[in-house]
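Notes follow the structure.
Protein chains: 2
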Amino acid sequence: MTTLTEENYIKAIYHLGKHGTENVSTNAIAQEMDTKASSVTDMVKKLAEKDLVNYKKYQGVSLTQTGVLTAVNIVRKHRLWEVFLVNKLNFSWDEVHDVAEQLEHIKSPKLIDELDAFLDFPTHDPHGDPIPDKDGHFSKLDKVKLSKVAVNTTCTCVGVDDSSSDFLKYLDKHNIALGSKIKVMATEPFDESITILINGVHLSVSKHVSNNLFVRAN
Amino acid sequence: MTTLTEENYIKAIYHLGKHGTENVSTNAIAQEMDTKASSVTDMVKKLAEKDLVNYKKYQGVSLTQTGVLTAVNIVRKHRLWEVFLVNKLNFSWDEVHDVAEQLEHIKSPKLIDELDAFLDFPTHDPHGDPIPDKDGHFSKLDKVKLSKVAVNTTCTCVGVDDSSSDFLKYLDKHNIALGSKIKVMATEPFDESITILINGVHLSVSKHVSNNLFVRAN
DNA sequence: AATAATTTTTAGATAACTCTAAAAATTATT
DNA sequence: AATAATTTTTAGAGTTATCTAAAAATTATT
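Residue numbers (UniProt numbering), protein chains in the order written: chain Y, 1 to 218; chain B, 1 to 218.
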């Protein structure tokens, strides 16, 4: 059994080291977790004894296979709860994080499987990040910035990078929401704005918008 | 802010001492929490310093006003989560407790208010126990055993006392579920069985059944 | 009312996680 | 390659919550 603290360390190592595969430095973890390097060393030793991380003095840490599995499971829980909060409880995209950080540590396999089914097996969270399935596999389709989508392609809005309330208000105003279908009609090399078709309406959006809106191919 | 452990102690005192008003002995708390009396003394001192309990050496503890409020809030969260698990995630009445024990400690006022609304402001949990509202007020209507209901009265099934799978299967078989309307038709003094009307069907149920089924007047 | 039994508290220790300050190792600079 | 700067680890200590064993207070029994 992993404690709450252990889980948070594993999560940090997972996120800092490209899914836990790369070596992560003690200081990087300390910064991410808002703690001291000496505390990290202590905990990393403990995690190494539990076979959750690979650790050699002064060489940094990476996750073992078990460690990755643990991390992916936490990510799965975190993202499913985010979907629940946004889709069912009227949370906005930028309100969910703190609560999901708490909910992700609830231990009950049945709970998370039933939640998954209740939410209709979502593949991505409200920020457009993929939700791993029960076996830890991620959907192949990755989110991309709208600005990278080729002309004449249709895609689905799956998240934002800039989550400032100004930006979210702008999206609201133009009926751009999670799940909206967007077709890229034309690009304007001059100012890098693009014209999109959304809800049957043509709309010109600036470079800032297309760079901060995540979409997924269909 | 209360820690998880503090919250569990407060909950125990609340349940043992008739909503925290009566004095509770150190040993009783120790037994309830599966810990040692000396640990209880230590924690109770800490809670007293935080003004959550009234404590005089060798005299037992009761909850202060703040303590009761804290306890009621935890009860509210616990019971709302139970409703969620049963009504939305296909948990059975007897599977919910352990998970709800974890979920009740999640800290987010918005979460619990939205959950309340999402569940349509339930007044009772799957065991028939009342859910306090935001201000800590309980519904006046209390659950009673079916055996206490007067002939010719209609009531609603709100919970069970015996939650053995045999009993739950029996209820299932006769279409007795949470929310079922039950009218008491006749009582049989001879073996204390009673005849009820449920889903338009007359059914004779034994003393055991009527003593382990909780209902509420309409 | 004195003694026995029980309950509760205190004292001292342990485990998990954290910290500060100093030492050791690594990396960067000249 | 030697020295400086940085990073990482160790050593020792604090906090929270727990425990065992012994002391103190309360309650029950004779």
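Every residue, glycine too, gets a C-beta built ideally from N, C-alpha and C.
- The Cβ atoms of residue 156/Y and residue 216/Y sit closer than 9 Å to each other.
- Look at the beta carbons and you see the stretch 5–13 of chain Y touching the stretch 37–54 of chain Y: at least three pairs across the two are nearer than 8 Å.
- The DSSP-derived three-state label of residue 195/Y is strand.
- Residue pairing of residue 55/Y in beta bridges, as defined by DSSP: 61/Y.
- Approximately 19 Å separates the beta-carbon atoms of residue 21/Y and residue 40/Y; this is outside 8 Å, ruling out the contact.
- Collapsing the DSSP output to three states places residue 109/B in a helix.
- Taking the C-beta atoms as reference points, residue 146/B is found no nearer than 9 Å to residue 112/B.
- With a cutoff of 9 Å on beta-carbon distance, residue 204/B and residue 196/B are scored as near each other.
- Separation of the CB atoms of residue 179/Y and residue 127/Y is rounded to 13 Å, and the pair is thereby denied contact status at 8 Å.
- Residue state for residue 85/B is assigned as helix, using DSSP reduced to three classes.
- The beta-carbon of residue 131/Y is placed no less than 9 Å from the nearest beta-carbon of chain B.
- In terms of Cβ geometry, residue 175/B and residue 199/B form a close pair [threshold 9 Å].
- Going by C-alpha positions, residue 133/Y is about 28 Å away from residue 211/Y.
- Taking 9 Å as the threshold, the shortest C-beta distance from residue 118/Y to chain B falls below it.
- By the Cβ-count criterion, residue 72/B is buried, with 16 or more other Cβ atoms from all chains shown falling within 10 Å of its own Cβ.
- DSSP, read as helix, strand or coil, puts residue 3/Y in coil.
- Rounded to whole angstroms, residue 96/Y and residue 86/Y show a C-alpha spacing of 7 Å.
- In the structure shown, residue 72/Y falls within a helical segment according to DSSP collapsed to helix, strand and coil.
- For residue 204/B, the pairing in a beta bridge is given by DSSP as 195/B.
- Closer than 9 Å at the C-beta level to chain Y, one finds these residues of the stretch 88–108 of chain B: 88, 89, 90, 91, 95, 98, 99, 102, 103, 105, 106, 107 and 108.
- Excluding five sequence positions before and after residue 6/Y, none of the CB atoms of its chain fall closer than 6 Å to its own CB.
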